[in-house]
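Engineer: Here the working numbering = 1-based position in the sequence shown + 2.
We treat Cβ as the ideally placed atom computed from N, Cα and C, and that holds for glycine.
Got a structure here, written out as structure tokens. Questions coming.
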Amino acid sequence: QFWLLQEADSLEVGSVGWVEAKGLKSLKIAFDTLYQYMDWNLTLGREVLIAYPKILQVQTSVCVYPIELENRLKAELCLGNMEQVKKTAQKFFQFFSSGKLYTPKDIKECYVRFIWAVINITKEIDLLDYVNLNQQEILDKIMGAMLFQELEGTVERLLEQICLEEGQEDGTAHLTVRRMKSMIHEFYQSGITLDEIALKLNVTPEYLSMQFHKEVGETYSSYMKNYRVSK
3 QFWLLQEADS LEVGSVGWVE AKGLKSLKIA FDTLYQYMDW NLTLGREVLI AYPKILQVQT
63 SVCVYPIELE NRLKAELCLG NMEQVKKTAQ KFFQFFSSGK LYTPKDIKEC YVRFIWAVIN
123 ITKEIDLLDY VNLNQQEILD KIMGAMLFQE LEGTVERLLE QICLEEGQED GTAHLTVRRM
183 KSMIHEFYQS GITLDEIALK LNVTPEYLSM QFHKEVGETY SSYMKNYRVS K
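If you want it as structure tokens, here you go:
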């Protein structure tokens, strides 16, 4: 009988698995077999013993990606509301603890999609140091996760990095213009007026128009039209 204790970062106890190995020669094979199923703790919880081959009998539900949470997160990032961004991320985490059982593969793919949505929108609105972002490391952490704490930690560290980048912003005007651009990028299909943006940013349309032209080099209407064409 072979037991495997899988430790996770920053956790005293990780996940525990069990498989039967007949003789020392089969020990390595048993280890490799069991290890690839240890991420089932994502589905069953860290208190459940992962036993092979019993784990193969688990019945799971179809996982439908919560696109509404992704869209909400994009809008909140565009508005620069990081407190709401964090709350939406928490709702995304809770989505997978609703009582339904999903395969670890489906859960990880949802996390990858969610993180890539964050990266893409923050890249577009210049809210993240995209050049120095190690995307492969993020992907490896997601795909190699054994526990939900590891998945959530990867998302939270990315959001903290975004908060840090935003905190380094110099000048209220520049931040206002950046948020205006991000709202154009978010709502260009449905349309959003200069007055509506000014209302959301709590400034006058005249000030916003002047500052936007000063920093971007073109008017709001011209920028909106060119952005639609480029899309």
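(1) Please state whether DSSP places residue 194 in a helix, a strand or coil.
(2) For residue 181, is the classification buried or exposed, using 16 other Cβ atoms within 10 angstroms of its Cβ as the cut-off for buried?
(3) Looking at C-alpha atoms only, which residue of 26, 117, 99 and 130 is the closest neighbour of residue 44?
(4) Within the present structure, is the beta-carbon of residue 66 separated from the nearest heavy atom of the ligand NAP by less than 6 Å?
(5) Assign residue 232 to one of three DSSP states: helix, strand, or coil.
(6) List the residues that DSSP assigns as beta-bridge partners of residue 147.
(7) When the Cα atoms are used, what is the spatial distance from residue 125 to residue 48?
(8) Less than 7 Å between the beta carbons of residue 145 and residue 107, yes or no?
(9) Return the residue from the list 192, 91 and 63 that minimises the CA-CA distance to residue 69.
(10) Out of 189, 76, 64 and 20, point me to the one whose CA is closest to residue 129's CA.
(11) Any idea what DSSP makes of residue 77, helix, strand or coil?
(12) So, at 6 Å on beta carbons, what are the nonlocal neighbours of residue 97 in its own chain, with the 5 sequence-adjacent residues on each side left out?
(13) If residue 153 and residue 113 are in contact, beta carbons under 8 Å, what's the gap, nearest whole angstrom?
(14) Counting only runs of 4+ residues fully inside the region 63–142, write out the alpha helix (DSSP H) ranges in chain order.
(15) Starting from the C-beta of residue 93, find all residues in its chain whose C-beta is less than 7 Å away, skip the five residues before and the five after it, and write them out in chain order.
(16) Name the two residues that bound the continuous beta strand (DSSP E) containing residue 21.
(17) Using the C-alpha atoms, what's the distance from residue 177 back to residue 159?
(18) Residue 184 and residue 80 look like a contact to me (Cβ under 8 Å); what is the Cβ gap, rounded to whole Å?
(19) Between 142, 95, 58 and 73, which lies nearest to residue 119 when the distance is taken from Cα to Cα?
(20) Checking 7 Å against the spacing of the C-beta atoms, do residue 54 and residue 26 come in under that value?
Structural biologist: The short version:
(1) In the three-state reduction of the DSSP assignment, residue 194 falls in the coil class.
(2) Buried.
(3) Among 26, 117, 99 and 130, the Cα nearest to that of residue 44 belongs to 99.
(4) This structure simply doesn't include the ligand NAP, nor any ligand for that matter.
(5) Residue 232 falls in the helix class under three-state DSSP.
(6) None; residue 147 has no bridge partner.
(7) Each residue's Cα considered, the two are about 35 Å apart.
(8) With a cutoff of 7 Å on beta-carbon distance, residue 145 and residue 107 are scored as not near each other.
(9) In this structure, 91 is the residue among 192, 91 and 63 with its C-alpha nearest to the C-alpha of residue 69.
(10) Shortest Cα-Cα distance from residue 129 to any of 189, 76, 64 and 20 involves 76.
(11) If DSSP states are grouped into helix, strand and coil, residue 77 belongs with the helices.
(12) Once the five neighbours on either side are set aside, the close Cβ partners of residue 97 are 68.
(13) Taking C-beta atoms under 8 Å as the contact rule, residue 153 and residue 113 qualify, at a distance of about 5 Å.
(14) Runs of the alpha helix (DSSP H) spanning 4 or more residues and lying entirely within the region 63–142 occur at 69–81, 84–97 and 106–126, in chain order.
(15) Taken in chain order, the residues that qualify are 71.
(16) For residue 21, the enclosing beta strand (DSSP E) has its first and last residue at 17–21.
(17) Taking the straight line joining both Cα atoms gives about 22 Å.
(18) Yes, they are in contact, since the Cβ atoms of residue 184 and residue 80 sit about 4 Å apart, within 8 Å.
(19) Here the closest residue by C-alpha is 73.
(20) No, they are not a contact pair.
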